[in-house]
Every structure is written in structure tokens, then in C-alpha cells.
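First residue of the sequence shown? That's 60 in my numbering, and the numbers climb one at a time after it. Notes for the one structure printed next.
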Amino acid sequence: MSTIENKNGSKPAVNAGSIKLAQSASYNKLKTNNSEWAAKCTAEDPEFFTKLAQGQSPEVLWIGCSDSRVPANEVTGTAPGEVFVHRNIANVCVHSDMNMLSVLDYAVNVLKVKHVIVAGHYGCGGVAAALSNKQFGIIDNWLRHIKDVYRLHANELDRITDEKARVNRLVELNVTEQVYNICKTSIIQNAWMNRTDLEVHGWVIDISSGLIKDLGVSSSNPHSLGYVYEFDNNTEAVAAH
Ligand SMILES: [Zn+2]
60 MSTIENKNGS KPAVNAGSIK LAQSASYNKL KTNNSEWAAK CTAEDPEFFT KLAQGQSPEV
120 LWIGCSDSRV PANEVTGTAP GEVFVHRNIA NVCVHSDMNM LSVLDYAVNV LKVKHVIVAG
180 HYGCGGVAAA LSNKQFGIID NWLRHIKDVY RLHANELDRI TDEKARVNRL VELNVTEQVY
240 NICKTSIIQN AWMNRTDLEV HGWVIDISSG LIKDLGVSSS NPHSLGYVYE FDNNTEAVAA
300 H
């Protein structure tokens, strides 16, 4: 196979001919599916992509697990443009994660979403791994955050003898703690000082039924946060020191 030449005839730094292109059925299927999906959308609504290209105004930010079985739109029956999405392994929300903070800030302050949903799922491999003593590689550092959730609730979790049930309870507790973490951010607290229409919720998806369990931990103000986490809106006090 010959190398690819640029318009000016020079050879690129990478010899494209040396790259073995993926031609597996699963890969090709993606392209076929895409053409069919685009054609179907246009057939149902000739203006579908014209409208989509004009911009987005989703009312929901979904923070979910990267697990391939829990896609935000399919689970909630929503269309493109309706849900802003951030996903990572085991839906962890850490206040030092610039990726998550950037998504949250943009969603809350630019898109003005009304609902932030942290969505875990039963049988989460990340949570199960965090409950084990095995090493899995770099991910161990990420899963440490979930081990910390376990430590906070060890008394309850250690009383559950069934391993699957223990993982699933930690899934619920992890979602609850991540909701709490989202509420603790200055992004959410500052938004709450000016808005009454912003809520943070915690859900768990049951993959065996497809149904969502609302954990009932929704928040729309900072008053349930511990004293040390709640910011006041007087920034002058800091400037005075
Ligand atoms: Zn998961």
C-alpha cells in the first residue's frame, strides 16, 4: 500500500499505509447504522437536522456511568438536544475533576439546565471493583473515591452478607454521596443564590428491568449541606483578610 501524499506532494509525518484500518463487522455496522438513522430522522421530520444544527437548549444535565448499558437518551426516552451528558466510570463527581467541573459550569451557567441528575446503576462494575482488594491499573486511583464512600458507610455495608446486595447498596450510597458532592460545588451553590429552578437528583437504573429508582435525595438549596460546606454570598469577607 502506498503512502498518502499531501496536496503539495510532500509526505505526511505518519505513513498512513502502515496503519491497519479497522474493517471489522462491528465497526462497519456503525457507519451503516448512521446512514440509516440519519435517513429515518429526515423521513420522519425533514427539518430534524436543520433544527438540531441551530443550537441546543437542554434542561437536563446527566452525570452517569460509562457502562455501555446505560445510555442517557435511551434510558429516558429523550431525543438529541434534550440532555447534556457527562459520563465516567461509576459516575463519580470529584471537586478536583476539571472535566466534570467544566461540564457542570457550562450546563448550569450557560445552558441554564434545571435538573442535574447523577445516575448510577445496579451491578456497576466500577463499584464492585472498588469493593474488592484487586488491582486493576490506573483506574484504582479513580475507584479510591468509591472506597472512601464505603469507608463512610462501612457499618451498614459490612452487615450485608450477600455480595451482590452489598455492591448494589454501595451503588445507591455512591450516587447519594456524588449528589452531595455536586451540591457542595461553588458552581451549584452560587447558582442557588440567584435561582430557584435548579434541582440536583440521584437515580439508580435497574439494568434487569430498565427502570429508574429515584433515591429521594433531591436538593434545591444548600441548607442540607453540612455547616462547613455551605458558602455565604459575602465575598468581601475573604477580600478583607
Ligand atoms: Zn457502572
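Built from N, CA and C at the ideal position, the CB exists for glycine as well.
CB-CB length for residue i against residue j, believed under 8 Å
i: V131; j: G123; result: For the record, residue 131 in the displayed sequence is Ala; it is not Val. Between G123 and A131 the Cβ distance is about 6 Å, and since that is below 8 Å, they are a contact.
i: P117; j: V134; result: About 15 Å; that fails the 8 Å criterion.
i: N147; j: S127; result: Not really, about 14 Å apart at Cβ, beyond 8 Å.
Secondary structure of residue i, DSSP reduced to three states
i: E106; result: coil
i: N150; result: coil
i: A243; result: Contrary to the premise, residue 243 reads as Lys rather than Ala in this sequence. Correct three-state label for K243: helix.
i: S116; result: coil
i: E231; result: helix
i: D199; result: helix
i: C183; result: coil
i: K171; result: coil
i: H282; result: helix
Burial state of residue i (16 or more Cβ within 10 Å)
i: S278; result: buried
i: M60; result: In this prediction, M60 scores a pLDDT of 40, lower than 50, which makes its location untrustworthy; no coordinate-derived value is stated.
i: Y306; result: Outside the modelled stretch of the chain, which goes from 60 to 300, sits residue 306, for which no answer is possible.
i: V208; result: buried
i: L211; result: exposed
i: L270; result: exposed
i: H282; result: exposed
i: E307; result: Lying before the first or after the last residue shown, residue 307 is absent from the chain, which here runs from 60 to 300.
i: E64; result: Residue placement at E64 cannot be trusted, given a pLDDT of 48 that sits under 50; what the coordinates show is reported in the next sentence. Under this definition E64 is an exposed residue.
Nearest candidate by alpha-carbon position, reference residue i, set the options
i: G140; options: K110, L89, V230, L163; result: K110
i: S245; options: S161, F143, F108, N93; result: S161
i: G275; options: N87, L170, V177, H145; result: V177
i: E236; options: K272, G261, V226; result: G261
i: W251; options: T101, K99, E289, K206; result: E289
i: N247; options: E106, T220, V175; result: In the sequence as presented, Asn is not what sits at residue 247; that position holds Ile. Of the candidates E106, T220, V175, the one whose C-alpha sits nearest the C-alpha of I247 is V175.
i: L163; options: E258, S268, I264; result: E258
Interface flag, residue i vs chain B, CB-CB below 8 Å
i: S127; result: Absence of chain B from the displayed structure is noted, only one protein chain being present.
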